[in-house]
Every structure is written in C-alpha cells, then in structure tokens.
Amino acid sequence: MAPSDTTVIFRVCGSLEFSCWLENSNVLQSQKSVSTAFNDLRAKVREESLVFHVCNSPLFIWPNQDCQATAGNVTANTPCGELQKHIEVEDWNGGGKKKRKDKKNVLTVINLTLMAEVTVPGEENCPAPYLSTDKKRHSLSMILPMDCVISTAADESLVIVCERLIGALCCQLSDMKEVVTQHMKGTAIPVPQPLHFMLPEPNGLVSVVHPANIPDSQLESYRKELHKKYNLPEDRPYFRRANAFQFPDQPYKDGYLRNPHEHLNHPNLEGANLYLVQGVYSYHHYMQDRVDDNGWGCAYRSLQTICSWFQQQGYVERAVPTHKEIQQALVDVGDKPAAFVGSRQWIGSIEVQAVLDQLLKVTSKIMFVSQGSELATKGRELANHFETEGTPVMIGGGVLAHTILGVAWSESSGEIRYLILDPHYTGGEDLQTIIEKGWCGWKGPDFWDQQAYYNLCLPQRPKTI
C-alpha cells in the first residue's frame, strides 16, 4: 500500500538473539543448523511474552495475547490510528512535552519497540556475543537487528495490525535466513541488514534484507532477483542502499534540506500536467559548507544539487564534490588552466556537463536557447526530460544559474510554469523562509531575461541496476 493522507505506517524495531552450531567441514549441515535457528526465532515472535512498546508513550501491547494493553481504553478493536493520542513529542517552543499533532502532508509513522516480557529474575540482560569451539564445530551467537514496516488505514483494528506486524517479523526472519545461507562462506556468516524502499505502484513501501558489509557493487545478481520479484525494470537502481526510504521522523544528519518543492502548492494552470524531478535531492545554495561563494558560486551550487540527486538515487557512491573538486575536474579534462583551482571564476552549463562526465560518468544533453523569450516554447522538451529522466536541470544565462525541478505545461494552450530551486539563497536551512520567500517556487516565463541567451544542462540517467 502506498502512503496517503489516511495511511499510518507502523514500524517495529528491536533485536533478537541468534545462536547455532556450525560444522567446520560440513557446509550443508551448517546451513541446516542456520535454518533451524531462524525457524526457532519465528516461533519465538509468536509467543505470548512478546511485547510492543509504543515509542514516546507509556503504552505497551501484547500482540499475541489478543492485544492486551496497559491502557484500558485500548483494545483489540481500537482503530490503530487512535494510538497517536497516546504519543508525546518534544515541544521545542515550550520546552516540555505535548500530545502528538499530525502536520499536513507529513506521513504518519508510529514507532514500536520489540520487547519480551521477563518472567524469571536474572533474565533481563542478554548475553554478549560469544564463540565456543571444539575440533569439529563452533557455536555462534549474534544479535539480529529487526526492523519491519507495514502500511495500513488509520481505521484498521489494532488486532489486525498486530497480526500483520507479527507476520512481517516472521517474513523478515525468513528473508534473513535466505540471505545468510546464500552468502555464508564456510563458518563466516554475514549480518543481515533490513532496509525499506519506496517502489513504484503497485508495490509501495517494501522491506528487503541485504547482507551487511557486502558492498552494492557485489550484489548485482541479488538485486536482479529482487527486480524480478517486484516486477521492476532493470535500468534503475531501486534496491541500492542509497535508495533506502528515509522516514520523516528521522532527519538527515548532514544538515541539508531535502526536496523542499514537496511543500509547495501546485500552480493553477488550466489544462496543464505536472512533470517533476523524480527522487530525492538536497538543496545546495550560497554560503553553505563555510564557503563564501556569494556572487560567483550559483552554478557550482546547482551542480552540487544535481550530484546529490545521483548520489541519493544510488547511481554513484562518491560524496557531493566541493568547489575545489569541481574546479580540479575542469583542469583535469583540459577545460581550465591550473590557476583556476581556488579561484572565484564562474562556470556555466558546458562546464557542468564536463564535471558530471568526469566525476560521475554521467552524460548530459545541452539545450541552447538564443533568448529567454524562447524558453516559453520549450515545454514539450522539458516535460519529456522530467518524464523520462527525472533529473534536476541546470540552466545558466547571463551571470545567473538556477536549477529547474519541473514544469507545469499545457499541451493545448502552450502555457508553462517552471519549478525553480534558487542557489542564490544565503540564509540558513529554514524551510518556511525558503518557501515563503520564493527561493523554491513556481515561476512564469517572465522569470527569465527575455533578451539573454541560456544553456540548459539536462543530465541523463545511467542504465544500471
């Protein structure tokens, strides 16, 4: 199920202790032992002692005991969306806590912690991982990181949600068993890593287990199996780790804003269709990263936004390049002299194209527009780009550069609006200011200098899995 205004995402996280005996010289016997241990854990999550704790609340639920709860007004038939009433969040304005209030257009996520009821004194502490060996076999113990999600309607009963969560935990253990047995080498076992991905309809949000510590570059055949399972084309990297779904209650740690355009209202343009950037990017603008590039760095920042898109869609693993790395790349391809590195010289769309090719191995198309007034006639080309490639577009003209994130275009009337991300912003990462002041916003054809010429760099998606 894909998230909507009435959808609640339940996420249960926790750990389970895994232990088994591995035969030093018998691979098949070791695999059988691993399978048995995972089957035992599947049975464990169906025991009556299993408990869900609703995070940031005093509420505990016993899912295998007909959803008994510590709150008397919560029963098996309670609509699951009502659990939000028991959740408290930090009130950063008042300094205390308050009941949760859902914000408009923000996905509702209810987090649960996986726990087990302790009935025997002294069982509170899980044993540390240990290894015990003899001549023919050794005993392995490790902690499995469980992380399951389900999407459900807010009016669904709690008992159904609990049944689905228990089912999701069992399915994840089965997936972990497959990953471990498939990728184990002798007695070396990979730690399974649960990840979540938002896939195109009809799949929606799905959970997948990767073998930790094995890089994406070595998992192509595994990803192909997943693409077949979910009926996905093999020309886009849906299951690379960089594509993992970011939950709204888990902010990005690097400090950059993601996808500010999603907080805008769509333009009211009769007969127009929307053609938007596909996926996640970060907003790069003047004065970030302790670099004073006010007045000369707009194209660098637009390029950084484009690079962030390729990074966060899993096409590349390298970090977003700095100004000096961009300049060095242009020197390396012979476009600029060595003295260019460390300067404050502008770059344009042609240089952006060269850097994308040099650093990311990404090719780009260049659209030449002899004067700004002609941009109003480029609706079809831009619509086709966002529909097929979906990458941010860098546009440069005169002394200014901007990032185009989409267009609203009417094929019948030819009317067009451009979704602009402006790199000239010099303030902090204040989403409200950025939206209200138009640093990210819809612009009409008069936004462009009608007499200046423009070059547009349209990056192309690599065809890769």
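With the UniProt record's numbering as the guide, the letters of the sequence shown map in order to residues 1 to 465.
Cβ coordinates follow ideal geometry from the N, Cα and C atoms, glycine included.
Treat the numbers as computed from the prediction; the structure is a model and nothing was measured.
In terms of Cβ geometry, L226 and S207 do not form a close pair [threshold 9 Å]. Taking the Cα of T152 as reference, the smallest distance to any Cα among I434, T6 and P237 is reached at T6. Counting only runs of 3+ residues, the beta strand (DSSP E) found wholly inside the segment 367-424 occupies 393-397, 400-409 and 416-421, in chain order. For T391 and L405, the gap between their C-alpha atoms comes out near 8 Å. Taking all protein chains shown into account, H266 has fewer than 16 neighbouring C-beta atoms within 10 Å of its C-beta and is therefore exposed.
When the alpha-carbon of E270 is set against those of A408, F245 and L41, the nearest one is in A408.
Using a 10 angstroms sphere on the CB of T108, the tally of other CB atoms reaches 16 or more, which defines it as buried. In this structure L356 is in contact with S364, their Cβ atoms being roughly 6 Å apart against a cut-off of 8 Å. In this structure, L169 keeps its C-beta atom at 9 Å or more from the C-beta atom of F10. With a contact defined as Cβ atoms closer than 8 Å, V34 and V191 miss out at about 13 Å. Per DSSP, reduced to three states, the secondary structure at S151 is strand. Here R46 is exposed, its C-beta having fewer than 16 other C-beta atoms within 10 Å. Contact check for P63 against I150 fails: the beta carbons are separated by 9 Å or more. Contact between the segment 429-441 and the segment 289-299 is absent, with fewer than three C-beta pairs closer than 8 Å. For C457, DSSP records a beta bridge to I366 and M394. Shown here for L232: same chain residues with a beta carbon closer than 6 Å to its own, the five before and five after excluded, namely Y238 in chain order.
In this chain, the beta strand (DSSP E) harbouring G204 covers G204 to P211. Note on geometry: alpha-carbon atoms of S302 and Q328 lie some 17 Å from one another. Between V74 and H53, the alpha-carbon positions lie close to 13 Å from each other. When the Cα atoms are used, K44 and Y252 turn out to be separated by approximately 34 Å. Remark: fewer than three beta-carbon pairs, one from each stretch, lie closer than 8 Å, so the segment 378-391 and the segment 440-451 are not flagged as touching.
Under the DSSP assignment, C80 falls outside any alpha helix (DSSP H); it carries neither an H nor an E label. When DSSP reads this structure, G441 sits in a beta bridge with I420. Distance between E374 and D254, taken at the CA atoms: about 39 Å. Taking C-alpha positions only, D66 is separated from Q31 by approximately 35 Å. Counting of Cβ neighbours within 10 angstroms places G444 among the exposed residues, the total staying below 16.
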